[in-house]
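Participant: Below you'll find the structure I mean.
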Amino acid sequence: MPAKDCENISRRLSAYMDGELPEREREAAESHLASCAACSEELASLRAASAAVSALPRVEPPPFFAARTAAAAKALNGAGPLRAFLRFPLPAAAVLTAFIIFNIFAFARDIDAMENGQRRELTHKVVSQLVRPSTLINPVAVARLCSECTDFMCQCMHEAGKQSICPCKNCRMHRENPDRAGEVPAHALEEDHVN
Amino acid sequence: MTDGKNGLPEDFDLLTEFNSGDGGAFTRIVEKHSGRLINFLFRYTLDRGEAEDLAQEAFLRLYKAAPGLTPGAKLSTILFKFAYNLAVDQARRNTNRSSLAGASSLDSPEAAGAADPAPGPDAAYEAARRSEEIAGALAGLPDTQRGALLLKVFEDRSYAEIAEIMALSVPAVESLLFRARQTLAKKLK
Numbered sequence: 006m007p008a009k010d011c012e013n014i015s016r017r018l019s020a021y022m023d024g025e026l027p028e029r030e031r032e033a034a035e036s037h038l039a040s041c042a043a044c045s046e047e048l049a050s051l052r053a054a055s056a057a058v059s060a061l062p063r064v065e066p067p068p069f070f071a072a073r074t075a076a077a078a079k080a081l082n083g084a085g086p087l088r089a090f091l092r093f094p095l096p097a098a099a100v101l102t103a104f105i106i107f108n109i110f111a112f113a114r115d116i117d118a119m120e121n122g123q124r125r126e127l128t129h130k131v132v133s134q135l136v137r138p139s140t141l142i143n144p145v146a147v148a149r150l151c152s153e154c155t156d157f158m159c160q161c162m163h164e165a166g167k168q169s170i171c172p173c174k175n176c177r178m179h180r181e182n183p184d185r186a187g188e189v190p191a192h193a194l195e196e197d198h199v200n
Numbered sequence: 000m001t002d003g004k005n006g007l008p009e010d011f012d013l014l015t016e017f018n019s020g021d022g023g024a025f026t027r028i029v030e031k032h033s034g035r036l037i038n039f040l041f042r043y044t045l046d047r048g049e050a051e052d053l054a055q056e057a058f059l060r061l062y063k064a065a066p067g068l069t070p071g072a073k074l075s076t077i078l079f080k081f082a083y084n085l086a087v088d089q090a091r092r093n094t095n096r097s098s099l100a101g102a103s104s105l106d107s108p109e110a111a112g113a114a115d116p117a118p119g120p121d122a123a124y125e126a127a128r129r130s131e132e133i134a135g136a137l138a139g140l141p142d143t144q145r146g147a148l149l150l151k152v153f154e155d156r157s158y159a160e161i162a163e164i165m166a167l168s169v170p171a172v173e174s175l176l177f178r179a180r181q182t183l184a185k186k187l188k
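This is the structure:
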């Protein structure tokens, strides 16, 4: 038997014993094996190796494995609506982006309603805070900035006689001075009159 | 619908039931596949506790992925793919694998003698010694060869399925299986 034939067949013996050879190659392997003792012996040793592994003792799953796994799966669901929401990153990102854009527009509208000087002062205040990276990752600083902005806007709106568009829910100016809340300052009246 | 082998519902039906909100279907999926999965992972990782943890993690991944799976998906192949990837990651973290080789208490002569006294203590001891020798030889194979061989011998998977689970080509799987069997045959002579 030519050694080259043996080499070619030998490399494919594993596929032959697993029934993974195409019809033609399987027939060629069978006819070679019928006449080659060395390759037949190698095939037998490969089969013995597989059989030895197959005969290894099997382990049983631990008691209540399925119940424990199902409980762990349920716990994934019960981790709260926020986590469930964040499991879908695209819609979550879209909602968060829409929320941020809405707030930017609301902020811009409020700023737009302010006098030029006040607008510049507030913009300067916000930008000088936000350019500091520590502010962006510090929720306390961001909250303080928002609170300061709201107070500042509130003050400006009231001083300008534009209480109707004051961004406050529970206006500090109104609480501190309820009698004057509806009053329109003289300079604002003058402005209105001029306009 | 049931499959012919063990009377358990087919994966297709279980997946459909699970995706239509039947929480019990997931428990049945775990019951159906846990034994085979843990055996595969145990022989791959050589550590029973680790095998059980990885099996649970693989089922949880399947749980998360299930709503996106099509009814035609082969659940057990996907499950083994998750498990294999987890085991590969775990193996990368383990540096003392060689110290575990052949040290499985399941294959030790003492354990086998206690578990199966019927053939007589000498025969049981001899069988267990042989099991330990085979387990040691198997553990000594490179990870990819051992993974492919376990999927073929324990699971009787086709080369195409093994290739899918291990993210390899079919010729690569064929080569791995041939080398694994050849090495084992030499060691067990």
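Heads up: the sequence lines are chains A and B, in that order.
For the first sequence, my numbering gives the first residue as 6, with consecutive numbering after it.
For the second sequence, my numbering gives the first residue as 0, with consecutive numbering after it.
A virtual CB, placed ideally from N, CA and C, is assigned to each residue, including glycine.
Can you check whether the CB of residue 34(A) is closer than 9 angstroms to the CB of residue 187(B)?
Facilitator: Position 188 of the second sequence, counted from the first residue, corresponds to residue 187(B). Position 29 of the first sequence, counted from the first residue, corresponds to residue 34(A). Not a contact, by the Cβ cut-off of 9 angstroms.
Participant: Do residue 38(B) and residue 52(A) have their beta-carbon atoms positioned less than 9 angstroms apart in this structure?
Facilitator: Within the first sequence, the letter at position 47 stands for residue 52(A). Within the second sequence, the letter at position 39 stands for residue 38(B). Against a cut-off of 9 angstroms, the Cβ pair of residue 38(B) and residue 52(A) comes out as no contact.
Participant: By the three-class DSSP mapping on this structure, what secondary structure does residue 165(A) have?
Facilitator: By 1-based counting over the first sequence, the position of residue 165(A) is 160. Looking at residue 165(A) - three-state DSSP - the assignment turns out to be coil, as it is neither helix nor strand.
Participant: At 7 angstroms on the CB atoms, spell out the chain B contacts of residue 77(A), in chain order.
Facilitator: On the first sequence, position 72 is the one that residue 77(A) refers to. Annotation: Cβ neighbours of residue 77(A) in chain B (cutoff 7 angstroms, chain order): 55 and 59.
Participant: List, from N- to C-terminal side, the beta strand (DSSP E) runs of 3 residues or more that fit wholly inside the region 43 to 73 of chain A.
Facilitator: Complete beta strand (DSSP E) runs here, min 3: none at all.
Participant: How many angstroms separate the CA atom of residue 69(B) from the CA atom of residue 146(A)?
Facilitator: By 1-based counting over the second sequence, the position of residue 69(B) is 70. By 1-based counting over the first sequence, the position of residue 146(A) is 141. Whole-angstrom Cα-Cα distance: 48 angstroms.
Participant: Going by the beta-carbon positions, is the gap between residue 18(A) and residue 48(A) smaller than 9 angstroms?
Facilitator: To locate residue 18(A), count along the first sequence from 1; it is residue 13. To locate residue 48(A), count along the first sequence from 1; it is residue 43. In this structure, residue 48(A) lies closer than 9 angstroms to residue 18(A) by Cβ.
Participant: Starting from the beta carbon of residue 148(B), find every residue of chain A whose beta carbon is closer than 7 angstroms, and list them in chain order.
Facilitator: Residue numbering aside, residue 148(B) sits at position 149 when the second sequence is read from its first letter. Those within 7 angstroms of residue 148(B) in chain A are 58.
Participant: Rounded to the nearest angstrom, what separates residue 102(B) and residue 151(B) at their Cα positions?
Facilitator: Working through the second sequence from its first residue, we reach residue 102(B) at position 103. Working through the second sequence from its first residue, we reach residue 151(B) at position 152. For residue 102(B), the predicted structure reports a pLDDT of 46, less than 50, and the residue's modelled location is therefore unreliable. A value from the coordinates is still provided. Computed Cα separation, rounded: 23 angstroms.
Participant: Check the Cβ of residue 75(B) against every Cβ in chain A and list those closer than 9 angstroms, keeping chain order.
Facilitator: On the second sequence, position 76 is the one that residue 75(B) refers to. Per Cβ cutoff of 9 angstroms: no residues; residue 75(B) is ~15 angstroms from chain A at best.
Participant: I'd like to know whether the C-beta of residue 33(B) is nearer than 9 angstroms to at least one C-beta of chain A.
Facilitator: By one-based count along the second sequence, residue 33(B) stands at place 34. So yes, residue 33(B) belongs to the interface.
Participant: Please classify residue 156(B) as buried or exposed, where buried requires at least 16 neighbouring CB atoms within 10 angstroms.
Facilitator: Here residue 156(B) is taken as the residue at index 157 of the second sequence, counted from 1. So residue 156(B) ends up on the buried side.
Participant: With DSSP run on the structure shown, which of helix, strand or coil describes residue 113(B)?
Facilitator: Reading the second sequence from its first residue, position 114 is the one you call residue 113(B). Only weak support is given to the placement of residue 113(B): the predicted model assigns it a pLDDT of 48, under 50, and the value that follows is read from those uncertain coordinates. Reduced to three states, the DSSP call for residue 113(B) is helix.
Participant: If you compare alpha carbons, which of 154(B), 17(B), 88(B) and 165(B) is closest to residue 33(B)?
Facilitator: For the purposes of this step, residue 33(B) is taken as the residue at position 34 of the second sequence. The option with the nearest alpha carbon to residue 33(B) is 154(B).
Participant: DSSP three-state call for residue 41(A): helix, strand or coil?
Facilitator: Start at 1 with the first residue of the first sequence, and residue 41(A) comes out as number 36. Correct three-state label for residue 41(A): coil.
Participant: Taking its Cβ as the centre, do 16 or more other Cβ atoms sit within 10 Å of residue 98(B), making it buried, or is it exposed?
Facilitator: Locating residue 98(B) in the second sequence gives position 99, where the first residue counts as 1. Here the model assigns residue 98(B) a pLDDT of 49, short of 50, so the residue's position is not dependable and the matter cannot be decided.
Participant: Assign residue 18(B) to one of three DSSP states: helix, strand, or coil.
Facilitator: Within the second sequence, residue 18(B) is the residue found at index 19, counting from 1. In the structure shown, residue 18(B) sits in a helix (DSSP, three-state: H, G or I).
Participant: Would residue 180(B) count as contacting chain A if we go by Cβ distances under 9 angstroms?
Facilitator: Here the question's residue 180(B) lines up with position 181 in the second sequence. Taking Cβ atoms only, chain A reaches closer than 9 angstroms to residue 180(B), which makes this a yes.
Participant: Given a limit of 7 angstroms on CB to CB distance, which residues of the region 147 to 170 of chain B reach chain A?
Facilitator: 148, 151, 152 and 158
Participant: What is the DSSP secondary structure of residue 136(A), reduced to helix, strand or coil?
Facilitator: On the first sequence, residue 136(A) is found 131 positions in, with the first residue counted as 1. Looking at residue 136(A) - three-state DSSP - the assignment turns out to be coil, as it is neither helix nor strand.
Participant: Assuming residue 132(B) and residue 89(B) form a contact by the criterion Cβ under 8 angstroms, report the distance between their Cβ atoms to the nearest whole angstrom.
Facilitator: Taking the second sequence and counting its residues from 1, the one referred to as residue 132(B) is at position 133. Taking the second sequence and counting its residues from 1, the one referred to as residue 89(B) is at position 90. Contact flag wrong, Cβ pair sits at about 25 angstroms.
Participant: Mind checking if residue 135(B) is an interface residue toward chain A, Cβ cutoff 9 angstroms exclusive?
Facilitator: Position 136 of the second sequence, counted from the start, is the residue given in the question as residue 135(B). Not an interface residue.
Participant: Are any of the Cβ atoms in chain B nearer than 9 angstroms to that of residue 30(A)?
Facilitator: As a position in the first sequence, residue 30(A) is number 25, starting the count at 1. No, residue 30(A) lies away from the interface with chain B (no Cβ there is under 9 angstroms from its Cβ).
Participant: Can you list the residues of chain A that residue 19(B) reaches, using a CB-CB cut of under 8 angstroms?
Facilitator: Position 20 of the second sequence, counting from 1, holds the residue named residue 19(B). Within chain A, no residue has its CB atom less than 8 angstroms from the CB of residue 19(B), the nearest being about 16 angstroms off.
Participant: Anything in chain B within Cβ reach of residue 4(A), meaning under 9 angstroms, just list it in chain order.
Facilitator: As displayed, chain A neither begins before 6 nor continues past 200, which places residue 4(A) out of reach and without an answer.
Participant: Can you check whether the C-beta of residue 177(B) is within less than 9 angstroms of a C-beta belonging to chain A?
Facilitator: Here residue 177(B) is taken as the residue at index 178 of the second sequence, counted from 1. At least one chain A Cβ lies under 9 angstroms of residue 177(B).
Participant: Please name the residue in 24(A), 15(A) and 10(A) whose C-alpha comes closest to that of residue 159(B).
Facilitator: Taking the second sequence and counting its residues from 1, the one referred to as residue 159(B) is at position 160. Nearest option by C-alpha distance: 24(A).
Participant: Buried or exposed, going by whether 16 or more other CB atoms sit within 10 Å of the CB of residue 132(A)?
Facilitator: On the first sequence, position 127 is the one that residue 132(A) refers to. Looking at its Cβ environment, which holds fewer than 16 other Cβ atoms inside 10 Å, residue 132(A) is exposed.
Participant: Take the Cβ of residue 210(A) as the centre, count every other Cβ of all protein chains shown within 10 Å, and call the residue buried at 16 or more, exposed below.
Facilitator: Because chain A here runs from 6 to 200, residue 210(A) falls outside it and cannot be looked at.
Participant: Have a look at 122(A), 109(A), 125(A) and 13(A) and flag the residue whose alpha-carbon is nearest the alpha-carbon of residue 151(A).
Facilitator: Position 146 of the first sequence, counted from the first residue, corresponds to residue 151(A). Cα-wise, what sits closest to residue 151(A) is 109(A).
Participant: Counting only the same chain and skipping the five closest in sequence on each side, list residues whose C-beta sits under 6 angstroms from that of residue 100(A).
Facilitator: On the first sequence, residue 100(A) is found 95 positions in, with the first residue counted as 1. None.
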